[in-house]
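See structure below.
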Amino acid sequence: MGGAVSAGEDNDELIDNLKEAQYIRTELVEQAFRAIDRADYYLEEFKDNAYKDLAWKHGNIHLSAPCIYSEVMEALDLQPGLSFLNLGSGTGYLSSMVGLILGPFGVNHGVELHSDVIEYAKQKLDFFIKTSDSFDKFEFCEPSFVTGNCLEISPDCTQYDRVYCGAGVQKEHEDYMKNLLKVGGILVMPLEEKPNHADSGKSRLVHLPPVAVRSLQDLARIAIRGTIKKIIHQETMSKNGNGLKNPPRFKRRRVRRRRMETIVFLDKEVFASRISNPSDDNNNSEDIEDEAREEEETKPSELKPDPPVNFLREKVLSLPLPDPLKYYLLYYREK
């Protein structure tokens, strides 16, 4: 499935295409999609296809098309502090994007049938936390994954504000899925599709992770990091005013005025007439001149941009604190 939007050259261009096609409609969803590079969840030999709007499957590893994930994210209406259950959590790509929106006081659980996919998801999550600068731009609700059949969840499990099931659900299981949901919650799933009957071995109840209570030490880290971010934002605003002094220039697309052709059908014969706008020729020459001028103005910006600066990391490392405390505030991340 997929193919609703054209392929991008990188993750940002893929997101631009999804926005233009109205698959991404809200700022929170856009920020989450831009923060996590889709290619990071591909095996190295398949990364050339990461920015195509197509599903990808290799063995048990599966990623839905970007247009599907964006529609799911929008439909879930995610907000900070909510609880989320991902049935068929796969690589953890969707769960990680959801975690960026839920924030530190949300709940983020996933159930996956295949244990090898669980290990793959944990590796990708660890890679994101340790290497991505996006991790420092958000307060993250880290997903927890368990192995098991999502139709065998223990009946005493907690209920969730948001539930997503990526696999087809038969009508007979509709009420079972709804029972996982809190009153007023949102459930997104494909209903009445023929499910894949995978042999999961001996049937056993799936116990979801307990809802963890954050330690006082962890709450202190969240508060300190949040305060530092506010200071950085205030310093940036005072330095640049209400906006950027020199906003980047982007080459805008120019819509050319085209001559219109009118086709008139008379019985079985076709009569074609061309209607010209007298100003078309003048406008066309003006367009060419404007485009040439814009290309001249944007030439300097075509140089490779400097890598983004992790202001939070720089600020923490510059503080007069013992090194162990600095590393704790940075989640002991390596670069």
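Residue numbers for the sequence shown follow my numbering, so the first one is 200 and each next one is one higher.
Yeah, the Cβ is synthetic: ideal placement off N, Cα and C, and Gly gets one too.
Whose CA, out of V515, H406, V271 and K429, lies closest to the CA of S353?
H406
Per DSSP, the bridge partner or partners of F344:
G309
Using the beta-carbon count (16 or more within 10 Å), is F339 buried or exposed?
buried
In the DSSP assignment, find the beta strand (DSSP E) that holds C364 and state where it starts and stops.
Y359 to C364
Checking 8 angstroms against the spacing of the C-beta atoms, do Y375 and L350 come in under that value?
yes
Report all residues from its chain with a CB closer than 7 angstroms to the CB of P408; omit the five preceding and five following residues, and keep chain order.
H308, S343 and V345
Would you call the stretch 270-285 and the stretch 209-218 in contact, with 3 or more CB pairs under 8 angstroms?
no
By a C-beta neighbour count over all protein chains shown, 10 Å radius and 16 as the cutoff for buried, is M436 buried or exposed?
exposed
In terms of alpha-carbon separation, which member of V387, A422, Q358 and E371 lies closest to N378?
Q358
Assuming S517 is part of the alpha helix (DSSP H), what are its boundary residues?
F510 to S517
List the endpoints of the continuous alpha helix (DSSP H) containing L293.
Y292 to L301
Apart from the five residues on each side of it in sequence, which residues of its chain come closer than 8 angstroms, Cβ to Cβ, to I385?
A274, L275, D276, D360, R361 and V362
Proximity below 8 angstroms, CB of G289 to CB of H261:
yes
Could you say which of S333, G383, K438 and G291 lies nearest to G365 if we only look at CA atoms?
G291
Can you tell me whether S269 is buried or exposed? The criterion is at least 16 other CB atoms within 10 Å of its CB, across all chains shown.
buried
Apply the 10 Å Cβ neighbour rule to P265 and answer buried if 16 or more other Cβ atoms are within range, or exposed otherwise.
buried
Quick check: V310 and V410, are their CB atoms within less than 8 angstroms of each other?
no
Starting from I260, follow its DSSP beta bridges and name the residues at the other end.
H257
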